[in-house]
Each structure stands twice: as structure tokens, then as C-alpha cells.
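Worksheet for the structure shown next.
2 protein chains.
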Amino acid sequence: MRRILLIATGLLCLSAQAQKLTDYVNPLIGTKDMGHTFPGACVPHGSVQLSPDTDTIPHNVGGVYQKDAYRYCAGYQYEDESIVGFSHTHMNGTGHSDLGDILLMPTVGAIQLNPGVKEDTRSGYRSAYRHENEVSRPGYYSAFLDDYGVKAELTATERVGIHKYTYPAGEGNVIIDLDHGIYNYDGKVLWSNLRVENDTLLTGCRITNGWARMNQVYFAISFSRPILRYGGKDVSDKSVYKGFWRRFDMEHDFPDMAGRKLKTYFVFDMSDGTPLEVKVALSAVSTDGALKNLRAETAGKSFNELCALATEKWEKALSVIKAEGDEDIKTSFYTSLYHTMINPSVYMDVDGAYRGLDRNVHQADGFTNYTVFSLWDTFRALHPLFNLMDARKSKDMLGSLMKHYGQSVHKALPIWSHMGNENWCMIGYHAVSLLSDGITKGIVLDNGQALEAMLNSSTLSYYDGIASYMKLGYVPLEENQSAASITLEYAYDDWTIYHLAKAMGNKEVADRYKERAMNYKKMFNPATGYVSPRYTDGSWKKDFNLYDTHGQGFIEGNSLNYSFFVPHDVKGLISCMGGDKEFVKRLDRLFTEDLPAEAYEHTEDVTAEGILGSYVHGNEPSHHVPYLYMWTSQPWKTAERIREVFDKMYKNRIDGLCGNDDCGQMSAWYIFSAMGFYPVCPGSDQYVLGAPALDSIEMQLEDGNTFRVKAENLSAANKYVKSIYLNGKPYTKAYLNHADVVKGGELRFVMSDKPNKRKYKEEEKPYSLSAESN
Amino acid sequence: MRRILLIATGLLCLSAQAQKLTDYVNPLIGTKDMGHTFPGACVPHGSVQLSPDTDTIPHNVGGVYQKDAYRYCAGYQYEDESIVGFSHTHMNGTGHSDLGDILLMPTVGAIQLNPGVKEDTRSGYRSAYRHENEVSRPGYYSAFLDDYGVKAELTATERVGIHKYTYPAGEGNVIIDLDHGIYNYDGKVLWSNLRVENDTLLTGCRITNGWARMNQVYFAISFSRPILRYGGKDVSDKSVYKGFWRRFDMEHDFPDMAGRKLKTYFVFDMSDGTPLEVKVALSAVSTDGALKNLRAETAGKSFNELCALATEKWEKALSVIKAEGDEDIKTSFYTSLYHTMINPSVYMDVDGAYRGLDRNVHQADGFTNYTVFSLWDTFRALHPLFNLMDARKSKDMLGSLMKHYGQSVHKALPIWSHMGNENWCMIGYHAVSLLSDGITKGIVLDNGQALEAMLNSSTLSYYDGIASYMKLGYVPLEENQSAASITLEYAYDDWTIYHLAKAMGNKEVADRYKERAMNYKKMFNPATGYVSPRYTDGSWKKDFNLYDTHGQGFIEGNSLNYSFFVPHDVKGLISCMGGDKEFVKRLDRLFTEDLPAEAYEHTEDVTAEGILGSYVHGNEPSHHVPYLYMWTSQPWKTAERIREVFDKMYKNRIDGLCGNDDCGQMSAWYIFSAMGFYPVCPGSDQYVLGAPALDSIEMQLEDGNTFRVKAENLSAANKYVKSIYLNGKPYTKAYLNHADVVKGGELRFVMSDKPNKRKYKEEEKPYSLSAESN
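Chains as they are written, first to last, in UniProt numbering: chain Y, 1 to 774; chain V, 1 to 774.
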């Protein structure tokens with residue numbers, strides 16, 4: 001009996017294994033061309049993203065921007081045939097970059113301290129590799145390095161990258177290149193040092209001046225066997241003042257190496273055939289912090305044990321949603337879900353110490369501090385997704401924004417922040433949207449303090465034309481080349497402030513920001529009914545081109561797309577565009593009329609597949625646009641457009657992402673849309689209904705409730721929504737409320753191959769500011 | 001009655017004022033030529049030395065050393081006619097340099113962000129000034145800046161520099177130049193930033209790669225009135241990646257300035273005629289730390305109050321010795337005493353947090369952490385002086401050395417350390433001497449740990465030939481150009497280890513290090529009876545020049561001087577030199593035979609007045625030599641030589657110091673010698689008797705005891721010691737024991753114009769290792 005039971009258990013395990021959600025994640029999706037994802041190992045929202053870098057094109061040379069650097073935002077391009085090494089920090093799918101800190105590379109033979117060129121891998125420490133020998137899955141990566149016959153395997157904890165190198169018998173080297181980096185340039189490393197504490201332990205730091213203006217990365221590195229010999233070289237040709245250090249031979253066994261371009265090597269006796277394991281702990285605080293992280297997360301654990309833990313973490317994290325349906329779509333779905341759980345990432349030591357925006361070390365008491373906030377992208381769907389799926393995590397992220405605010409000399413919330421730095425990338429002040437959306441959806445914050453932060457951020461006079469915006473109601477073109485985009489986004493952001501102030505009963509602020517929220521109207525040129533930039537004197541830009549992004553007052557979106565960015569007042573937007581009929585015509589035009597070639601050239605960050613007609617999905621400003629039909633007389637077209645986006649832009653292929661994943665926003669769009677609804681206007685409590693991509697999706701909600709989305713009769717042909725039932729009852733509204741979802745239940749879509757051309761009544765349509773009763 | 005009493009009290013005050021010890025300190029002494037002292041304001045052993053810098057000659061240009069930089073080790077040369085500004089960190093009398101952090105300069109009129117050249121002060125922010133308008137006294141400095149009509153006054157607390165600027169009516173500027181520095185070079189500043197927290201408060205940091213390999217200086221600056229407008233500029237021509245920062249106008253009111261060469265300005269409305277007061281707090285830990293220091297030390301206190309406190313601190317510190325005698329000599333004496341109380345300096349925040357050698361932040365629990373240990377200089381007399389006068393302070397310094405040891409990746413005590421860095425300057429491992437001397441003189445340490453640190457430091461194989469030294473008994477010349485000097489110093493240092501191990505009953509170590517202590521003998525070339533360098537094969541350097549320092553195997557001293565560096569075994573030394581008669585002859589020759597011109601050229605760091613015959617007092621290796629007569633048949637010559645040194649090398653003049661003060665060693669020599677005794681062999685408990693310089697010197701000892709030295713009949717002619725009485729009884733030994741001094745009492749020298757030619761019996765002579773009974 002007992003034996004039979006054991007066998008049965010064994011079978012269950014096998015069966016369970018076959019159904020693992022992590023099996024549906026392919027981290028290589030998005031690593032070719034524009035996705036800018038990385039294939040390496042990390043745990044959900046971990047500080048460490050340990051991943052292969054396949055080239056080292058500098059961001060600039062002598063101050064001149066190097067266009068090809070852009071391809072290496074995540075350090076890896078699938079088409080490359082060599083690996084430079086494995087570095088410990090990466091961003092998921094950004095369109096600008098940084099990091100690539102602390103590169104390790106296993107080699108054999110003569111020590112080479114420069115990476116060499118990809119055309120001849122023997123010219124440096126890099127190695128050729130082949131995808132047939134590459135494995136990438138959540139929490140694990142491996143590649144076989146052909147030049148050296150070394151199998152390199154990677155896994156990670158939150159704060160530690162773990163390497164396992166299987167060398168051929170003999171001596172094995174580990175190169176540690178503290179000069180290597182993503183978006184590197186001559187002088188990016190301000191300083192670095194490396195101490196050989198004993199024959200198995202290193203500590204050190206590197207400080208860079210990159211996209212993060214000053215990024216301090218401290219590390220502690222332990223080896224599973226003693227170092228035989230080691231050394232390093234500062235290859236900087238700067239007039240480094242080495243003073244009395246000249247007395248020592250840093251190239252041979254001197255344990256206190258330092259410099260501006262420090263490259264080091266460590267040699268091990270690998271003759272016993274067992275692999276070398278290397279644990280690399282990071283900290284933004286100090287080497288003491290890195291040592292604490294190393295010990296707390298990895299002490300006594302082998303690579304294999306830590307790898308199993310990493311897999312478990314992913315399995316648990318992904319199990320928040322149980323999806324059933326087409327296998328390819330499941331892969332797209334879970335890979336997207338995976339990509340929503342990389343950034344923001346934890347930014348504090350195990351003891352809660354973290355480096356603040358003011359460069360001081362702070363203590364995170366009672367919250368987890370996060371960094372990498374690509375807010376222009378992620379306010380749209382990623383943070384709303386967290387508010388739905390993991391409010392605790394979201395609360396910590398909002399808390400992290402508030403700490404940033406408290407540490408800001410501008411007394412402002414972050415714009416785009418990473419590693420305790422504000423990099424000011426992109427436009428708007430969308431942190432206000434996150435706060436408003438979080439509070440609306442029940443996250444408990446100090447609302448008074450949040451509102452104060454939002455008010456300060458929206459009145460920061462020297463930021464992107466705010467002073468003029470407050471005077472004129474728009475940002476004039478002569479002040480900012482992205483003036484039109486900025487004005488639209490300020491108006492939306494201001495609506496989120498209005499919305500919160502109103503809920504708090506603060507009429508004065510609500511009134512003021514309601515007026516600001518209507519500023520989008522000032523941008524519609526009555527001559528065209530599209531948004532155009534204006535000058536201070538009120539005049540419109542001449543020779544305006546609707547199709548082009550470049551030089552037209554927009555950024556990452558032309559007027560054809562951007563003019564639809566009024567998520568908080570679609571009813572008002574429809575009026576601006578001339579009413580329902582014209583509005584639908586324009587939406588149709590957007591999705592069907594091909595972008596002229598010269599305009600496409602100026603479209604940033606997207607592949608050809610990221611464009612549907614003129615609709616650009618590879619950039620974010622249009623992400624809500626397919627849902628705008630829901631306010632019109634032809635709501636059924638939303639399902640049609642969404643299906644087109646699903647099919648064209650989220651493929652189960654290495655190049656399956658049509659644009660930068662943008663820290664999870666592209667993926668979060670997919671998760672929401674595949675579930676059948678989308679947060680068109682974060683800050684409101686509504687999700688606008690679309691059409692699901694999978695037969696069944698079951699969300700585990702935080703308080704134990706379950707929300708299930710069923711798509712009856714879903715198929716390639718049956719892409720239209722015939723009818724909807726919420727908890728068994730016919731559901732006639734064009735949107736769900738947040739409360740409907742979080743209390744649990746079932747939303748059933750009945751799909752059909754024919755559109756249901758029923759129109760929504762006004763009161764069934766989603767939120768519009770203009771429709772507010774007041 | 002009452003009124004009369006008050007008048008009497010008033011008179012007493014006046015009378016007391018006239019007798020203030022600080023009146024006998026002239027910080028300008030040593031600021032001309034070679035002294036390398038600074039004239040600015042500080043408190044005893046304070047972290048801040050706020051002082052005018054008069055030029056900015058870089059240490060190197062494109063890697064080429066600039067000889068003239070040496071003149072500006074302390075930032076100030078008396079002969080200069082302009083002041084660049086007032087920076088907050090300086091070293092007292094070094095022969096290599098660094099620091100000059102955080103320069104402020106008050107100006108009026110158009111903003112100039114570059115310092116300009118001294119030939120034309122209008123070419124930059126610097127200003128002409130005249131010595132007639134300059135005041136320098138302990139804790140206070142002021143100058144009138146002729147270009148701007150601004151009176152600048154400075155004072156300091158331990159961690160805060162306080163400025164008072166009296167501008168002409170109108171607008172007044174403060175330039176804050178974060179690029180300025182002592183021994184600067186292009187690229188020395190790795191990074192700096194400045195935040196305008198509010199209209200009276202700045203915070204920021206600067207990180208430099210100088211003599212201190214990585215020096216982190218954080219600051220908090222408060223103004224006594226609001227800033228009208230401000231700005232800054234990063235003048236670096238490096239390919240600084242400024243990224244999205246380009247959007248902002250850092251030159252006008254942008255509160256978050258940063259860069260590699262950051263120069264900033266702040267404008268104030270000075271129309272009311274009251275001065276601007278500026279408080280600049282430093283921290284090595286963080287801007288939070290600087291703010292804590294600012295508040296703890298200066299909150300609510302005006303410049304005048306803080307200045308009075310600084311004066312009081314000096315008065316109290318100097319009052320450890322009450323000296324009476326010739327007024328000029330008193331000035332030399334108290335100025336010297338002042339100079340012994342600048343370095344080492346406190347290196348921790350008010351809350352005990354400090355930056356360690358490992359760059360981590362540590363907490364100083366139960367001790368004060370110090371930095372600036374110029375040990376090659378100061379082991380000789382400065383630290384022995386502290387052991388005598390202020391054992392508590394000395395204990396903290398020894399504790400600081402032990403913390404350095406604990407944080408050292410080399411597991412070694414400091415060689416020359418400053419600002420949490422080891423700069424490896426000069427030779428030997430003299431921290432062992434400090435520990436041995438301290439423990440011998442009753443400072444309670446963990447002796448086992450101290451011995452361990454000493455043993456590790458003396459066996460650090462890759463430091464200055466130690467591996468060969470341990471094998472051969474000397475450092476061979478082909479390994480190190482200072483091999484002969486090094487071997488002599490290792491032998492002495494080893495004696496201090498022997499001495500402690502013996503006291504601890506550790507026979508194994510004692511025996512081993514006794515043997516090492518005798519290694520000096522291996523350096524005496526029997527052909528000459530002088531020390532010469534040797535090669536690994538045992539052969540002596542050919543074409544050896546006794547007079548020259550350059551290229552002869554020595555450093556900062558030729559063989560003629562250095563051969564006497566056997567402080568722990570003078571008896572053995574006398575044998576090496578051929579016995580008493582020859583030894584005395586050689587001493588006489590040293591003090592009377594002039595150095596050949598070409599050899600003088602190669603003598604470093606001294607003025608012509610720093611040389612007596614061939615005896616070089618401006619450098620340290622010979623400091624004990626005048627006392628060596630006390631082991632010979634002509635002990636009376638010690639008094640003669642000392643008087644010559646007093647008269648020639650310690651003058652009450654701006655150029656009164658004959659060589660670098662070397663962090664107080666030159667001054668400590670004077671303090672001891674002026675009191676009539678000197679610690680020839682630190683580590684032993686003996687002070688070798690000389691001849692005092694003042695009629696009466698009274699030391700306040702820590703436990704309330706008083707030790708008084710009287711010099712009866714002292715005069716220019718009466719420079720010889722006729723007889724000595726200790727506590728009224730004739731004293732016949734050539735040395736005092738530490739215990740004799742610290743228990744209090746009176747040492748009375750009866751002076752005469754004729755030498756007392758009595759010879760000391762063997763048992764009356766000071767310590768020699770060779771004379772030890774085993």
C-alpha cells in the first residue's frame with residue numbers, strides 16, 4: 001500500500017511539474033530587436049538581474065551619442081553570437097539605459113582583461129556561444145561558452161546573483177570587469193575598488209555617473225573554493241593620481257585594488273572537475289550591507305538549492321492567475337505576467353537600509369523600498385495591475401514614491417527614478433496618477449501628505465514648462481519641443497489630483513485642478529480637430545504634420561495617436577473631435593491608414609509589427625485607444641482592435657514584442673486586455689471592458705477571493721463579445737468597477753464571430769469628466 | 001566697598017587677559033617657506049581647519065608633477081599677495097598634501113566662477129589682501145579683501161567652520177568652489193553635488209581621488225540670511241553624461257547642482273550693513289551627519305560666541321603647561337604647543353559615526369576616532385608627548401589605529417593614514433612604536449590584540465621589502481631605493497615589538513623580535529663604520545656617498561645622519577662606530593662639518609637654517625641625535641647642541657620653522673627639549689635629559705599632579721647644565737623615568753656658562769638593548 005502511494009505521489013509530482021506555470025514563461029521573448037528584455041536570472045522584483053551581456057557599445061564617444069547603444073538597453077541582443085560576460089543589474093525593456101554592474105566572466109587559459117570584439121572573440125575575454133546550448137527560464141539561465149568549454153549557469157535571490165561555472169579540468173579564471181557597463185562611456189565609472197578579504201571573499205564598490213546621476217553599487221563576492229592567484233589593472237589613461245600606490249604590484253596578489261577602469265582576474269584550481277560556485281551580493285548602502293545580504297540570502301545554500309528556490313518564487317508569483325486556453329497564448333500571457341514582475345525592483349538591504357534620493361542611508365521601517373519607476377510608461381496599466389493583484393506590494397511602491405518625495409530637494413515625486421536617482425526621463429508628473437489610483441482602489445496612505453506631494457509636483461515651476469502651463473493653460477512650443485504631449489499629460493495628471501481632492505472634500509483644490517484637467521481642450525486646433533502645439537501668443541504651429549512625431553511638439557507619438565490622450569474625459573474629447581461619427585471615423589482611420597514611410601522613420605522604439613495602420617502600440621501613449629470605441633456608437637470595434645493587437649504584437653517568438661517592454665507596461669497591457677478589461681483612466685475605479693484572449697482566467701485576490709473570467713466559445717473567429725454576465729447576471733455596462741472585481745466572482749463573456757452592435761446608453765458608458773453630474 | 005571690589009575684579013580680568021596663553025601663539029609662524037603650517041582657524045584636534053588658500057598650483061598636469069605645488073601643502077604661503085578663498089580642511093606642516101575641501105570666497109559685483117591668477121586678481125574671484133589687515137590667532141583668522149572691500153573673519157568648532165563676511169552695502173556674493181583643492185589635478189574631484197535645501201541651507205558632498213585615495217566630504221552650509229539668487233556650473237570638459245539634466249538651467253536657481261568640477265555662487269542682499277554669517281559643517285559619513293554636526297555644535301550661536309568658545313578651548317588646551325621665561329621663547333614654545341594640537345584630528349560625527357578604512361560607516365563606541373597619522377614623523381615625540389600630557393587622548397588615538405587595523409584588508413596598522421585612507425607615505429611600520437610606547441606608559445589596551453596587530457604589520461610580505469628583510473635581515477637595495485633607511489627603522493620598530501612581547505611574557509615573540517631589532521648591525525659597512533645599503537648577495541653599494549641623500553639607499557636623510565638611527569641600542573651603535581671616542585668625533589663632525597653644496601641640494605624639506613653643520617633638523621630621522629652624547633664620555637655636549645637647535649631653528653618669526661612641522665613632530669621635539677628631556681627611544685619608559693629653554697615649566701598632569709621643571713640661572717650664556725635635582729635631591733642619572741614625571745614633582749636644572757664634564761656611569765646611562773641584562 002505504502003509503496004503504491006509513493007508511486008502515486010511521484011506521478012502527481014510529475015503531473016504537477018508538467019503543469020508548472022513557469023513552463024509557460026520564455027524570458028527570451030523580447031530579447032530580439034526592440035523588446036529590450038533580458039534573458040537572465042532574477043526573482044520577482046529582485047534587486048539583482050543576473051544576465052548575459054552580448055555587447056558593449058558605449059552610449060557616447062567623446063560626447064557623441066552612439067546610436068547602436070540603444071540596441072543594448074538590456075545588454076543582450078539575441079542575434080549576437082558571443083557573450084561578453086554576466087552582469088548583475090538590468091532593466092526590463094527600457095528605451096534608455098544604464099547599469100550592467102559587476103560583470104563576471106569565466107575563462108580558461110591566458111588572462112585577458114579586455115572584452116575583445118565580437119568579430120573575433122579570441123581578441124578578448126568574451127566567448128562565442130550558441131542558442132542551442134542556451135537555457136532561459138524564470139530564475140535560471142545557462143549557456144555554454146564555446147571559446148573556453150565552460151558551462152555557465154546563473155540563478156538569483158533578491159539581492160544575490162549566483163553563478164555556477166563548470167570548467168574543463170585544469171585552471172579556471174574568473175574575470176571581474178568593474179569597467180563594463182550598459183550605456184557605458186569613457187568616464188562613466190567615477191571610482192571602483194575591490195578588496196580581497198580572504199581567499200574566498202571579495203568586497204568592493206563601483207560608482208557610476210550614468211542615467212542614474214550617481215549610482216553606488218557595493219558588492220560582496222564569495223567563491224566556493226580558494227583563489228589560487230589574482231590581480232587587477234586600472235586601464236584608465238586619465239591622469240589618475242596614484243601617489244604612493246605605485247609601490248605595489250596591483251597585478252599580482254595585492255588585495256586592495258582600485259581605479260577608474262578596474263579589471264581584475266582570479267584563478268582557481270579546477271582540476272577536481274566539480275564546478276565553481278560564485279555568489280555576488282549587491283547593496284546600495286555599503287560592503288557591510290552586501291555582506292549582510294550575502295549571508296542572509298545564501299549562507300549554506302548551494303547553487304542548485306538557490307535555483308530551486310528562485311523557481312518556486314516565480315511559480316508562486318505567477319500563480320496569482322490561473323489561465324487556460326491556447327498554449328501559445330498562455331506562453332504570451334505568462335511571459336507577460338513574468339515581465340510585469342521584474343520592475344520596479346527592491347532597493348534595500350535585508351535589514352531595511354537603503355540609499356535615498358538625497359544619497360543618505362535611510363531605514364525602511366515597515367515597508368519595502370522599491371526603485372526603477374518608469375512612470376510615464378507604467379502609470380497606465382502596470383501599477384493599476386499591482387493595485388488589483390497585489391495591493392500590499394503596490395502600497396510599498398507608493399510608499400517608496402512618498403519617501404522619494406520626502407528626500408527630494410525639489411519637493412517633488414519621481415518622474416523616472418532608479419537607484420536612488422531621478423533621471424527626469426520623459427514627461428508629465430505621473431506619480432500623481434499612481435497615488436490617486438492607489439487611494440481610489442483602497443490603498444491606505446496619509447492622504448493629506450499624498451495630496452501635498454501631488455500639489456508640489458504639479459507646480460514645480462522649472463520643470464518642463466509648468467510655470468507657463470499654470471499661466472497659459474498649456475506649455476508653449478518655444479519652451480519645450482514636446483509641448484503638446486506634455487500639455488495633454490499634465491491635464492490628465494491634474495484630473496487625478498482633482499479626483500483625489502474631491503474625494504477628500506477639498507473643494508478649493510478640486511476646483512482648481514478640475515479646471516487644469518480641462519486644459520487638453522486648449523490643444524485642439526479647431527482648424528483640424530487634432531491636437532497641435534501652440535506658441536505663447538496662442539498661435540498654432542505652422543506646417544504641422546499629423547503623421548510625424550519628429551519636431552511637431554510631440555514625443556513618442558504623432559498627433560494622430562496623441563490626440564486621443566484624454567483618458568479622463570473621452571466624452572469631452574469626442575466633442576473636440578466633432579462628435580461620435582467623426583470620432584469613430586478617426587479611430588478607424590488610425591487603425592487602418594498606413595503611416596507614411598517618412599513618418600514611420602521618426603517613430604521611436606517600435607518594430608514594423610508594433611504599428612497597426614497608424615496606431616503605434618510599441619509606444620505607450622495610445623495604449624488605451626482601442627478601448628475608446630466603448631464610448632462611441634460602435635463599441636464592438638474595441639474587441640476587433642484588441643484582437644488585432646494580440647495577434648500582431650504579442651507573439652510566442654523571440655522577437656514577439658513589438659516595442660520596448662518598458663518596465664512591464666507593454667506586458668501589463670496584455671495581462672489586462674487578455675482578461676477582458678483595461679484601466680483606461682487610472683485614478684478612476686473603472687476598468688473598461690474589452691474581449692478576453694483566453695478561455696479561462698482565474699485571479700487569486702489578496703483577501704482570499706477569486707475572480708474568474710470565462711470566455712465562452714472563444715476562438716480565432718469568435719473574437720467579438722456577444723454578451724457578458726457578472727456572477728451569472730447579464731451585465732450591460734461598458735465597464736467594471738474595481739469593487740466588483742476585488743470582492744470576487746465570475747465575469748463571463750460569451751464570444752461570437754459576429755459583432756453585437758448594441759450601443760451603450762450614456763449611463764452605461766465609462767467615466768468622462770464632462771459627463772460628471774455637478 | 002562693593003564698587004571697589006568690582007574695579008579690582010576688572011583689573012584682575014585685565015591682568016588675566018594680558019597673561020592669556022593664546023597670546024603667545026602666532027599661527028603665522030611656519031607659514032613662510034618650508035613650515036607648511038596654515039594660519040587659519042581651528043580648535044584643538046578639530047576636524048575642520050578653516051584657512052585661507054593663497055594659490056592653486058596643481059599637483060600634476062597631465063601626469064607631470066608640478067614642483068611648485070609643494071609650496072602649497074597647507075594652501076597658504078605668506079609671501080603671496082592674494083587669497084583665493086577659505087577652505088575647510090588642511091594639514092599641519094606636511095611634506096605632501098591633499099584636502100582644501102569646500103572653498104568659500106566672498107565677493108561683490110559680477111559673478112566670477114574661476115579663481116583667476118595671482119598676477120591679476122581681477123581675473124577671477126580671488127582678491128588681493130595685505131598682512132597689515134590680517135589677524136591670526138588660535139581659533140580666529142581675519143583678512144580684509146581689498147578687491148571687494150570685504151572683511152572676512154573665520155572661526156571653528158570641531159566639525160564646523162564659521163565665516164563672518166562684512167560686505168560694503170549692496171549685494172554680496174559667496175562663491176563655493178567644489179573643484180578647488182590642495183594638490184589638485186584635473187580629475188581629482190570624482191564627483192560633487194550641492195543641494196539648495198531652502199533659502200538658508202545647502203547640503204552636498206565632494207569625493208576626491210588624491211593622496212587619500214578616496215575622500216568623501218559631506219557638508220551642510222547655513223547662511224544667516226536668505227539667498228537672493230544662486231546658480232552653478234560644471235566646468236568639466238570631460239564627456240560627462242548629463243542625460244536628461246540638460247533640460248534644466250543649473251546656472252540659475254536650480255537647487256540640485258552636480259558635476260566633476262562644480263563651481264557655484266550665492267547672492268545676498270547686504271544692504272542693511274550687518275555681516276553675513278556662514279556655518280559650514282563637515283562629515284565623512286553623510287549630509288545627514290553634517291546636519292547633525294551643524295546643529296549640535298552651532299545651533300543658536302553667533303560667530304562671536306563660537307569664536308569666544310574656540311579661544312577658550314585653546315586657552316584650556318594650552319594651559320596644560322604653564323611656562324615662564326623669555327617672551328620670544330614663550331612664543332616659540334606656545335606656538336609649538338599649539339602646533340602639536342592640530343593633528344591627528346577628530347574624524348567622526350557628533351554621534352560617533354565615522355567612515356572607516358573599508359569605506360563602511362562605523363560607530364565609535366566609547367572612543368574618539370582620529371585621523372591624519374603622519375606616523376613616520378610623529379612616533380618620535382608627538383605621540384610620546386600625548387602619552388605624557390593627555391593619556392586619554394592618546395588612548396583614543398591608539399584605539400583609532402587598532403580600528404584601522406581591524407578594517408584593513410592587509411590586516412596591518414596604518415603607515416600614514418588620513419580621512420579613512422592609507423596613503424602609504426614614507427617608511428617603516430611605526431604604529432608599532434605608538435602601541436608599545438602607549439602600553440609601556442600605562443595606557444590600557446587589549447595587549448594581545450595590539451601584539452597581534454604589531455606582528456601582522458611587521459610581516460606584511462609585499463610592503464617595502466619585508467619578505468626579504470625577514471629572510472636576509474635587511475632590505476636589499478635592488479628592491480627598494482630607501483633600503484638602508486628602511487632597514488634601520490624596521491630594526492627599531494622590531495625592538496618595540498620585542499619590548500612589549502617581553503613585558504607580556506611572550507618569550508617566543510620576544511626572542512624573535514630581539515634578533516630582528518639587532519638587524520641594524522647588518523647595515524654598518526665595516527669599511528666605513530657608517531650605514532650603507534646592501535644588495536641581496538650581501539655586497540655593499542659601490543661609489544657610496546655619505547653626504548648625499550639622493551640615490552644612496554636613504555630617504556630624507558643621508559648616511560651621516562641616518563647612521564645614528566639606532567635609538568633602541570645606542571651602546572650597540574657606539575660599538576658599530578668604533579667606540580666612544582670615534583662616536584663622539586662623528587657626532588661632532590655631524591654638527592660642525594658643513595654639507596657639500598651638491599648634497600644639500602638633494603636634502604628635502606628643509607631651509608638652510610634647518611641644517612647645523614651636516615645635522616638636518618628639518619627632517620626627522622636625526623631628531624634624537626643631539627641626545628646621543630648622553631651615552632658618551634661627553635654628555636655635556638647635548639646641552640650645547642640643543643641650544644644651537646633652539647636658537648637657529650625655532651624662531652619667533654613667520655619663517656621661524658626650519659622645515660615642515662610634519663603634523664606636530666617638529667613642535668613636539670621643541671616642547672620636550674624646552675622642558676629639558678626627550679623620548680629618544682619611544683617604547684622605553686625613559687626620557688633622556690637635555691637642557692631646558694625656559695626658566696620654569698609646569699605641567700598639569702592628568703590625575704591632578706603637577707610636574708615642574710625649573711632652570712636656575714638660565715641665560716643665553718648659561719646654556720650648560722651644572723647639576724640636576726629631582727624633588728630637591730641631587731639627580732645623577734642621564735634620564736628620567738616616565739613614572740618619575742607622572743607622579744608629579746620638581747626637576748630643577750642649575751644652569752651654568754660652563755659645561756659640567758662629569759661622565760655618567762654605565763648604570764646611569766639611558767637604555768640600550770645591548771646593555772640589557774637578560
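Note that the Cβ used here is the ideal one computed from N, Cα and C, for glycine as well.
As the structure is a computational prediction, the values presented were derived from the model and not from experiment.
{"Query": "I'd like to know if Cys73 (chain V) contacts chain Y, where contact means its C-beta is closer than 8 Å to some C-beta of that chain.", "Result": "no"}
{"Query": "Residues in the same chain with beta-carbon distance under 6 Å from Val117 (chain V), minus the five sequence neighbours each way, listed in chain order, please.", "Result": "Ser123"}
{"Query": "Closer than 8 Å, CB to CB, is Cys205 (chain Y) near chain B or not?", "Result": "This model lacks chain B altogether; the protein chains it does include are Y and V."}
{"Query": "Kindly list, in the order they appear in chain V, the residues whose Cβ is closer than 9 Å to that of Leu460 (chain Y).", "Result": "Ordered by position in chain V, no residue passes the 9 Å Cβ test against Leu460 (chain Y), which lies about 11 Å from the chain."}
{"Query": "What residues of chain Y sit near Ser82 (chain V), judged by a beta carbon separation below 9 Å?", "Result": "Result: empty, since nearest Cβ-Cβ is about 26 Å, beyond 9 Å."}
{"Query": "Just how far apart, CA to CA, sit Gly505 (chain Y) and Ile439 (chain Y)?", "Result": "14 Å"}
{"Query": "Using a Cβ-Cβ cut-off of 8 Å, state whether His410 (chain Y) counts as contacting chain V.", "Result": "yes"}
{"Query": "Can you tell me which of the three DSSP states Met270 (chain V) falls into?", "Result": "coil"}
{"Query": "Using a C-beta cutoff of 8 Å, does Val196 (chain Y) count as contacting chain V?", "Result": "yes"}
{"Query": "Would you give the residue range spanned by the alpha helix (DSSP H) that His59 (chain Y) belongs to?", "Result": "First-last for His59 (chain Y): undefined, no H or E at that position."}
{"Query": "Run through DSSP, which three-state label would Ser239 (chain V) get?", "Result": "Low local confidence applies: a pLDDT of 47 at Ser239 (chain V) is under 50, so the model's placement there is unreliable, with the coordinate-based value given in what follows. Here Ser239 (chain V) sits in coil by DSSP."}
{"Query": "Please list, in chain order, all residues of the same chain as Gln216 (chain Y) whose beta carbon is under 7 Å from its beta carbon, the five residues on each side excluded.", "Result": "Cys205, Ile207, Ala284 and Arg355"}
{"Query": "Taking the alpha-carbon positions, what's the Leu201 (chain V) to Ala290 (chain V) distance?", "Result": "12 Å"}
{"Query": "Quick check on Phe254 (chain Y) - is its C-beta less than 8 Å from some C-beta in chain V?", "Result": "yes"}
{"Query": "Whole angstroms is fine: what's the gap from Leu500 (chain Y)'s alpha carbon to Val346 (chain Y)'s?", "Result": "28 Å"}
{"Query": "Can you tell me whether Gln363 (chain Y) is buried or exposed? The criterion is at least 16 other CB atoms within 10 Å of its CB, across all chains shown.", "Result": "exposed"}
{"Query": "Between Glu327 (chain V) and the ligand HEM, is the CB less than 7 Å from at least one heavy atom?", "Result": "With respect to the ligand HEM, the structure shown offers nothing to examine, as it has no ligands at all."}
{"Query": "Could you pull out every residue in the same chain whose Cβ sits closer than 7 Å to the Cβ of Pro384 (chain V), ignoring the five residues on either side in sequence?", "Result": "Asp437, Pro679 and Pro682"}
{"Query": "Exposed or buried, which one is Asn234 (chain Y) when buried takes at least 16 other CB atoms within 10 Å?", "Result": "The sequence as given places Asp at residue 234 (chain Y); Asn does not occur at that position. Buried."}
{"Query": "Leaving out the 5 sequence neighbours to the left and right, which residues in its chain are closer than 6 Å to Leu714 (chain Y) when beta-carbon positions are compared?", "Result": "Asp695 and Met751"}
{"Query": "In this structure, does DSSP put Gly232 (chain Y) in helix, strand or coil?", "Result": "strand"}
{"Query": "Per DSSP, what kind of secondary structure is Gly406 (chain Y) in: helix, strand or coil?", "Result": "helix"}
{"Query": "Out of Y:Asp446, Y:Tyr492 and Y:Ala597, point me to the one whose CA is closest to residue 785 (chain Y)'s CA.", "Result": "Absent from the structure is residue 785 (chain Y), since the part of chain Y shown begins at 1 and ends at 774."}
{"Query": "What residue from Y:Met699, Y:Tyr615, Y:Asn447 and Y:Ile162 has the CA that sits closest to Ile497 (chain Y)'s CA?", "Result": "Y:Asn447"}
{"Query": "The beta strand (DSSP E) spanning Leu590 (chain Y) covers which residue range?", "Result": "Not the beta strand (DSSP E): Leu590 (chain Y) falls in the alpha helix (DSSP H), residues Asp580 to Thr592."}
{"Query": "So what does DSSP say about Met454 (chain Y), is it helix, strand or coil?", "Result": "helix"}
{"Query": "Going by C-alpha distance, which of Y:Asn756, Y:Ser302 and Y:Asn660 is nearest Gln634 (chain Y)?", "Result": "Y:Asn756"}
{"Query": "Helix, strand or coil: how does DSSP classify Met34 (chain Y) here?", "Result": "coil"}
{"Query": "Answer yes or no: do Ala212 (chain V) and His418 (chain V) have a C-beta to C-beta separation smaller than 8 Å?", "Result": "yes"}
{"Query": "Using DSSP's beta-bridge definition, name the partner residues of Phe524 (chain V).", "Result": "V:Val531"}
{"Query": "Report the residues of the segment 356–377 of chain V with a CB closer than 8 Å to any CB of chain Y, ordered along the chain.", "Result": "Asp358, Arg359, Asn360 and Val361"}
{"Query": "Across the segment 377–394 of chain Y and the segment 309–321 of chain V, are there enough close Cβ pairs to call them in contact, namely three or more that are closer than 8 Å?", "Result": "no"}
{"Query": "Name the chain Y residues that come within less than 7 Å of Arg643 (chain V), Cβ to Cβ?", "Result": "Near Arg643 (chain V) there are no residues of chain Y at all, since even the closest Cβ is about 37 Å away, more than 7 Å."}
{"Query": "For Pro226 (chain V), count the other beta carbons within 10 Å of its own beta carbon; 16 or more makes it buried, fewer makes it exposed. Which is it?", "Result": "exposed"}
{"Query": "Find the nearest neighbour of Asp703 (chain Y) within the set Y:Val741, Y:Leu382, Y:Val361 and Y:Met426, judged by alpha-carbon distance.", "Result": "Y:Val741"}
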